[in-house]
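J.: Take a look at the following structure, please.
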Amino acid sequence: MDISFSAEELAFRDQVREFFDQAPLEDVKVLIAQESTHKKGTVQWQKHLAAQGWIAPNWPIEHGGNGWSPTQMYIYENERVAAGAPDIVPFGVKMVAPVIYTFGSEEQKQRFLPRIYASDDWWCQGYSEPGAGSDLAALKTSAHLDGDSYIVNGSKIWTTGAHHADWIFCLVRTSNEGKPQQGISFLLIDMTSPGISVNPIHSINGVHSLNEVYFENVRVPVANRIGEENMGWTYAKALLAHERTAIAGVADSKRGLEQLRQYAMQETQSGRTMAQDAVFRSRFCTIEMELMALEYTELRVLAAQANGQGPGAESSLLKIKGTEIQQAIQELALDLAGGYGSIIGDSLATGDIGHEFGDQARHDFMYGRASTIYGGSNEIQKNITAKHVLGL
Amino acid sequence: MHFNLSEEQAMLQDSAARFIGQQYSFEARQRHVALPEGFDRATWEKFAELGWLSVPISEVSGGFGGSAADTMVVMEEFGKGLVAAPYIATVLLFGGLIDGGAPPGAKNSLLEPLLAGQLQGAFAYQERQSRYDMADIKTTAVREGDRFVLNGEKTLVLNGATADQVVVSARTSGNQFDASGITLFVIDANTPGLHKTAYRLMDGQLVANIAFNNLSVADSRILCEEGDGYWLMKQVVNNTILALSAEGLGIMEKLTQTTREYTKARKQFGVPISSFQVLQHRMVDMFMACEQTRSLLYRAVCSAESVDAERSLNALKTMIGREGRAIGKEAIQLHGGMGITDELDVGHYVKRLLVINTLFGDADYHLQKLAQSSLPE
Numbered sequence: 001m002d003i004s005f006s007a008e009e010l011a012f013r014d015q016v017r018e019f020f021d022q023a024p025l026e027d028v029k030v031l032i033a034q035e036s037t038h039k040k041g042t043v044q045w046q047k048h049l050a051a052q053g054w055i056a057p058n059w060p061i062e063h064g065g066n067g068w069s070p071t072q073m074y075i076y077e078n079e080r081v082a083a084g085a086p087d088i089v090p091f092g093v094k095m096v097a098p099v100i101y102t103f104g105s106e107e108q109k110q111r112f113l114p115r116i117y118a119s120d121d122w123w124c125q126g127y128s129e130p131g132a133g134s135d136l137a138a139l140k141t142s143a144h145l146d147g148d149s150y151i152v153n154g155s156k157i158w159t160t161g162a163h164h165a166d167w168i169f170c171l172v173r174t175s176n177e178g179k180p181q182q183g184i185s186f187l188l189i190d191m192t193s194p195g196i197s198v199n200p201i202h203s204i205n206g207v208h209s210l211n212e213v214y215f216e217n218v219r220v221p222v223a224n225r226i227g228e229e230n231m232g233w234t235y236a237k238a239l240l241a242h243e244r245t246a247i248a249g250v251a252d253s254k255r256g257l258e259q260l261r262q263y264a265m266q267e268t269q270s271g272r273t274m275a276q277d278a279v280f281r282s283r284f285c286t287i288e289m290e291l292m293a294l295e296y297t298e299l300r301v302l303a304a305q306a307n308g309q310g311p312g313a314e315s316s317l318l319k320i321k322g323t324e325i326q327q328a329i330q331e332l333a334l335d336l337a338g339g340y341g342s343i344i345g346d347s348l349a350t351g352d353i354g355h356e357f358g359d360q361a362r363h364d365f366m367y368g369r370a371s372t373i374y375g376g377s378n379e380i381q382k383n384i385t386a387k388h389v390l391g392l
Numbered sequence: 393m394h395f396n397l398s399e400e401q402a403m404l405q406d407s408a409a410r411f412i413g414q415q416y417s418f419e420a421r422q423r424h425v426a427l428p429e430g431f432d433r434a435t436w437e438k439f440a441e442l443g444w445l446s447v448p449i450s451e452v453s454g455g456f457g458g459s460a461a462d463t464m465v466v467m468e469e470f471g472k473g474l475v476a477a478p479y480i481a482t483v484l485l486f487g488g489l490i491d492g493g494a495p496p497g498a499k500n501s502l503l504e505p506l507l508a509g510q511l512q513g514a515f516a517y518q519e520r521q522s523r524y525d526m527a528d529i530k531t532t533a534v535r536e537g538d539r540f541v542l543n544g545e546k547t548l549v550l551n552g553a554t555a556d557q558v559v560v561s562a563r564t565s566g567n568q569f570d571a572s573g574i575t576l577f578v579i580d581a582n583t584p585g586l587h588k589t590a591y592r593l594m595d596g597q598l599v600a601n602i603a604f605n606n607l608s609v610a611d612s613r614i615l616c617e618e619g620d621g622y623w624l625m626k627q628v629v630n631n632t633i634l635a636l637s638a639e640g641l642g643i644m645e646k647l648t649q650t651t652r653e654y655t656k657a658r659k660q661f662g663v664p665i666s667s668f669q670v671l672q673h674r675m676v677d678m679f680m681a682c683e684q685t686r687s688l689l690y691r692a693v694c695s696a697e698s699v700d701a702e703r704s705l706n707a708l709k710t711m712i713g714r715e716g717r718a719i720g721k722e723a724i725q726l727h728g729g730m731g732i733t734d735e736l737d738v739g740h741y742v743k744r745l746l747v748i749n750t751l752f753g754d755a756d757y758h759l760q761k762l763a764q765s766s767l768p769e
C-alpha cells in the first residue's frame, strides 16, 4: 500500500503543469462560454491539445495514444482541472473512437480516427429516444437494408451538441427477433445526409445544448456499420463502464469545492463570513469528507485497472457518488448565493450586479440535475450494482 | 501507486481470519464477554503466541515494528469476528504510550510481560467535563521532592478495571484546557490512593472510573518530559483511531454481508425479499458506504506520515461514526423482527459500532476538527 509518486511521475507532473501554464486558456475560455463561439473555442482548444499529442492518451499507441499509466492519467486530470482548463467534448475522442478502434474495420479506423484526433469532425451520440430512456434496449429507430445502404427512420433525443455535429453515432433497430438487445446495430451517420433534421431543446437553465434529431428515410451506407449487424448493443455496452468512470469528476469537484470556500470567505452575514457559519461549515465538510473518500475510490479503481482488472460494475459507485457530490456542491453554492442566485443574469443591462457567482450557481444547480439522470440514471446504477456486484 | 497488501500483511490477515473462523465463533465470543473481566485470558495468551500483541510495538522494544497498514489488517479481522479483547487498551494505547515515552529500563519491564500476554494496561485520560477534548484536564499532579501527588478522577477508562498498570494524564502546569503542562504517569493499579469503580459498556466490555486521592508516585514514572505529555498521547491516540476505524470497517463489511445473505434466504410473499428493488437499493447504499469508508481508511493509512494525516483521520472517524451507525440501523431494519433480538449477532455488532463512534471523538467532533482546518474561523 503506497501512494507516493516516483521521480518520473513527479517529472511528468511538472511537464503537464508547465504545458497548462503556457496554454492560451483565457482566450479559449471566453470563446467557449459564449453560445455563438462555443464550437469555435472548443475546436481551437482541442487542436491545441492534439498538437501537444495529449488529446487521446487512452487510445492505442498506433492511433496516437500515449500509453500513460493510471497514475499519469490521474496526475494529468488533476493538473488540467487545477489550471482551470476545459475538458474535451467526450463524444468523439472518448466515446465513439474506442468503439471504432476496438470493433471497427481497418477502413473505418483510417477514415475516422485521424479526423477525430484533429477535431476536424464534431460527433454526437444517438442513444436515447422519446420511448427509450433507462430502458435503452426498447429503442425503435429502425434501419432497413436496401442494397448497400440502410434506410433509417425514427428519432433520437437529449442529443448534446447535435446542432454542432458533423456525425452522429447511433444505436438503431435492425431486427425485432429475439430479445430487444439482440436486434440492435451500431451506425455512424453523416449529419448532412438528406432526411435529418435537428430541433433544439431548451433546458431548465435556458441554455441550448440538447436536441431532438429526426431521421426520415435517411440513407446510410452499410460500410458505416460498426462490426456485425445486430451486435451493436454489445459494442455500446463495452464502453459504458468507461463512461461511468469518467463521470465521477473528482478533480472538477475538488476545484468546485475550493471555489465555494473562496466565496464563503467573501459572503457575509451579521458581520461574519459564511465560512464561519456553523451550518455552512457542517455541510461543506460533509461534502469534503465524501470527496476525500471518492478520490481514493477512484485511485483504487485506477490501480485495479493497472493490474488488468475492470473497470467493471464498481464504476457505478463512482458515477453515483461522483454525481451526488457534484450536486451537493451546486446546492450549497446556490444557497450561499442567497437571493442573488435567483437573478437572471442575461436580463441585466450591464451584467454587473456586484455579485459574480449567483448566475453561475443557478445555472449549475439547474443543469446539474442532469448528472444523476444521464449516463444511466443513478437508480439504474443501483440496479446494476445490486445485480452484478451484490448478486441480489 | 498501489493498494496491495504486502506478503507480511497478507499473512497477518490470513492468520487472524483463520483463527476467528475456526476458534472464535459468536457463541464463544458471548461466553468470553460474560466472564468477570469481559474477555478470556487464555484467548489473550493465544494472541500473544500468534504474535498479534507485538504488531504495533517497535522493534527496539521487542515488538514487530509494524506499520499502520499492518495493524489495520489485524483490526479489520477483529471487527469481522467481533473480537472482545482489550487490544485497544493494552496494546495500542498503553503499549503505544510506553513504547513511545518510557525510559529504557521501565520500557522493557512493562513491555516484556505485555507482549507475553501477562500484563494488562489502560490509559486514563477522559474526565467528566472533558468529552472528547483530551487537553481538558482537571486532574492535578503536584511535585513534592522527587515525587508527585495526584488528585482527580478519570472516567470511561477502557480496561480500567482489569489493568495492572495505568497511564494517567494529569496537569502539572497551565490552565484546564492547555495542551502544554500535561504530564503522563505510569501508575501501578495497586498503589494506595487509587480507587476503581467498574462498570460495563453496551458492547460488553468492562471499563472503570479511576479516582486518585493524594496518590503518591515517583517522578521516575513520568513518560516523556514533565509537561510534554500531550503530543505523545495525541500521536498514540491518532494511531489508535486508525486501528479502531479498521475494526469499525470490518464490522460494517460483516453487517453488509450478513444482511445480503439474510435477504436472499428470507422469503415473504413467496419470494426472497432480496428481489425487492427498494431493499436492493438500500443494500447498495450499505455497500457504497463500506467502499467509501475503505477509501478513507486507505487514505489515512497512506498519508499517516504526511501533511494530510490529521485531515484524513478527521474525515475517516466522521465517516466511521456516521456510516457505521447508518449501516447498523439498516442491518437491523432489513433483518426485521429478528434484528432486534439479543440472540442474533447483528445487534451486538451494531452496539460495538455505536461504542466505536464515541471513542476518541465522535463523528460530529471530528467533522468540526476537519472544518477547523478547511475553513477560517
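Residue numbers (my numbering), protein chains in the order written: chain L, 1 to 392; chain R, 393 to 769.
Cβ atoms here follow ideal geometry from the backbone N, Cα and C, with glycine treated the same way.
Bear in mind that the values here come from a model prediction, so they are computed numbers and not experimental data.
(1) Check the C-beta distance from VAL747/R over to LEU593/R and give it rounded, since I have them as a contact under 8 Å.
(2) Which chain L residues sit within Cβ distance under 8 Å of GLU419/R?
(3) Quick one: which chain L residues come within Cβ less than 8 Å of ALA638/R?
(4) Can ASN606/R and VAL541/R be called in contact, C-beta distance under 8 Å?
(5) Applying the 10 Å Cβ sphere with the 16-neighbour rule, what's the burial state of TYR591/R?
(6) Within a Cβ cutoff of 8 Å, which residues of the same chain sit near GLU618/R, ignoring the five residues on either side of it in sequence?
(7) Using a Cβ-Cβ distance cut-off of 8 Å, determine whether THR385/L contacts chain R.
(8) In chain L, which residues lie with their C-beta within 9 Å of the C-beta of ASN630/R?
(9) Between ARG283/L, TYR263/L, THR297/L, which has its C-alpha nearest ALA248/L's C-alpha?
(10) Residues bridged to ASN153/L by DSSP?
(11) Name the DSSP bridge partner or partners of ILE184/L?
(12) Judging by CA-CA distance, which residue of PHE470/R, ALA508/R, PHE431/R, LEU641/R is the nearest neighbour of LEU413/R?
(13) Return the chain-ordered ranges of every alpha helix (DSSP H) run that is complete within the region 11-60 of chain L and spans a minimum of 4 residues.
(14) Does the beta carbon of ARG261/L sit closer than 8 Å to a beta carbon anywhere in chain R?
(15) Kindly indicate if chain R contains any beta-carbon less than 8 Å away from that of PHE284/L.
(16) Could you spell out the range, first to last residue, of the alpha helix (DSSP H) harbouring GLN597/R?
(17) Which residue comes first and which comes last in the beta strand (DSSP E) that contains ILE201/L?
(18) Is TRP45/L closer than 8 Å to PRO90/L when the C-beta atoms are compared?
(19) Tell me, to the nearest whole angstrom, how far the beta carbon of GLN764/R is from that of LYS321/L; I am working on the premise that it is less than 8 Å.
(20) Please list the partners that GLN405/R has in chain L, where partner means a Cβ-to-Cβ separation under 8 Å.
(21) For a contact meaning CB atoms closer than 8 Å, what does LEU390/L contact in chain R?
(22) Please state the DSSP three-state secondary structure of GLY430/R.
(23) Just the Cα atoms here: how many angstroms apart are ILE184/L and LEU647/R?
(24) DSSP three-state label for ALA278/L, please.
(25) Kindly list, in the order they appear in chain R, the residues whose Cβ is closer than 7 Å to that of ARG255/L.
(26) On a Cα-Cα basis, can you pick out the residue from LEU502/R, THR651/R, ASP528/R, ASN567/R that is closest to ILE579/R?
(27) Buried or exposed for ILE344/L, please, with buried defined as at least 16 other CB atoms from any protein chain shown within 10 angstroms of its CB.
(28) According to DSSP, what are the bridge partners of HIS587/R?
(29) State yes or no: is the beta carbon of ARG691/R nearer than 8 Å to at least one beta carbon in chain L?
(30) Which of the three DSSP states is assigned to GLN381/L in this structure?
(31) Quick check: the Cα distance between GLN259/L and ILE329/L, rounded to an integer number of angstroms?
(32) Determine, for THR710/R, whether the minimum Cβ-Cβ distance to residues of chain L falls below 8 Å.
(33) Leaving out five residues on either side along the sequence, give the residues of the same chain with a beta carbon under 8 Å from the beta carbon of LEU511/R.
(34) DSSP three-state call for LYS659/R: helix, strand or coil?
(35) Quick one: is ILE3/L near chain R, going by C-beta distance under 8 Å?
(36) Per the DSSP calculation, PRO221/L is bridged to which residue(s)?
T.: Taking the geometry as given:
(1) 6 Å
(2) Within 8 Å Cβ-Cβ: nothing; GLU419/R doesn't reach chain L, min ~28 Å.
(3) In chain order: nothing, as chain L lies at least about 12 Å away.
(4) yes
(5) exposed
(6) THR564, THR575, ASP611
(7) yes
(8) Neighbours of ASN630/R on chain L: none; closest Cβ ~17 Å, over 9 Å.
(9) THR297/L
(10) SER142/L
(11) ARG173/L, MET231/L
(12) The sequence shown places Gly at residue 413/R, not Leu. Comparing Cα-Cα distances from GLY413/R to each of PHE470/R, ALA508/R, PHE431/R, LEU641/R, the minimum goes to PHE470/R.
(13) 25-33, 38-52
(14) yes
(15) yes
(16) It is not in any alpha helix (DSSP H) - GLN597/R carries neither H nor E in the DSSP assignment.
(17) 196-202
(18) no
(19) Contact flag wrong, Cβ pair sits at about 25 Å.
(20) The contacting residues do not exist; GLN405/R stays about 12 Å from chain L at best.
(21) ARG652, GLN672, MET675, VAL676, PHE679
(22) coil
(23) 42 Å
(24) helix
(25) The contacting residues do not exist; ARG255/L stays about 15 Å from chain R at best.
(26) LEU502/R
(27) exposed
(28) ALA603/R
(29) yes
(30) helix
(31) 10 Å
(32) yes
(33) THR482, LEU502, PRO505, ASP556, GLN557
(34) strand
(35) yes
(36) SER149/L
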